[in-house]
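If you use the working numbering, the sequence shown closes out at 587, no skipped numbers anywhere.
Just so you know, even glycine gets a beta-carbon here, dropped at the ideal spot from N, CA and C.
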Amino acid sequence: MKETLTFNIDKLKKDYFEYLDTTKFKENKKVWLSANEIKAMMDSTFKVSSSNLREFIEETFGIRMDIDMSHNRNQINSLIKQVTYTKKGKRTFLNLNEYIKLIKLDDFNSFIINNIEKDFKVKNRRKLEKELMYLQINRYKDTEQYKLDNMLELQSFAYYLAILDVLDEKLNYWYSQPFIHNTYVKTKNEHLNNLLDLINTHYENEKLSKYKFHSIEDIETTNPIQKIYFFLRDIQELENKKADHYK
């Protein structure tokens, strides 16, 4: 495995088959699942042991991982414990989701960057540079550029969805509800509760950079494309909030 191991997530997703674990899916009785919950049900043919990971790090970045370098080993083992269950005396394996979580950790990135070739010079400089590049690309979603690209993508989606006039009418109705009723009261309809959670997310937003409606008139006079963009953005906000809850 260490021969094919990489920090290139796109390559791993292409080389290893991903599938929905039907046992986890059947165990979940919820009507609606968030993207984070669905992701947790995904499995893959990818599997890497902690020992193979340490060998990869040593050979690629010049960071010794043998028994004598217990400090380096302990740091990596501590990071692995943040993403998966470990048991003393048992070999630890990471699945694809756990591996991706690991290499996206701030502390993992810091460990690699701060210790590159600290113990010895690597033979394959090109591989070191490429894997370091992949490590940085994985953090792209934390950058302002990603947020800008994402905003432009959502606006493009909003344009095409605005062609459906009925969607604008529905958004006028639902975004107006908090000005008329208490939308925090749960109902027996789980689909309705999920929709109300989404609408409430819009009004709970305290970020100055993110606009929220101030009145029913404001909702009805807002350009349909802009309104749909807010709707798509609110879906993302709710998904991110749920994702943070599961971290």
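- Setting aside the 5 residues that flank it on each side, Ile452 is surrounded in the same chain by Ile397, Phe401, Ile403, Leu472, Leu475, each with a C-beta closer than 8 angstroms to its C-beta; the list follows chain order.
- Counting along the chain, the unbroken beta strand (DSSP E) around Met382 starts and ends at 382-384.
- Comparing alpha-carbon positions, the option among Asp447, Leu507, Glu457, Lys461 lying closest to Arg479 turns out to be Asp447.
- Contact between Ser389 and Phe357 is ruled out by a C-beta separation of about 19 angstroms, above the 8 angstroms threshold.
- Here DSSP, grouped into helix, strand and coil, assigns Leu434 to strand.
- In this structure, the straight-line span from the alpha carbon of Leu578 to that of Thr424 is close to 25 angstroms.
- Scanning its chain for C-beta atoms nearer than 7 angstroms, with the 5 sequence neighbours on each side dropped, one finds around Gln495 the residues Tyr569, in chain order.
- One alpha carbon belongs to Ile539, the other to Asn455, and they sit about 46 angstroms apart.
- In the three-state reduction of the DSSP assignment, Val423 falls in the coil class.
- Selection Arg394, Thr432, Glu399, Leu434 evaluated against Gln415 yields Arg394 as nearest (Cα-Cα).
- Here the alpha carbon of Leu345 sits roughly 40 angstroms from the alpha carbon of Tyr500.
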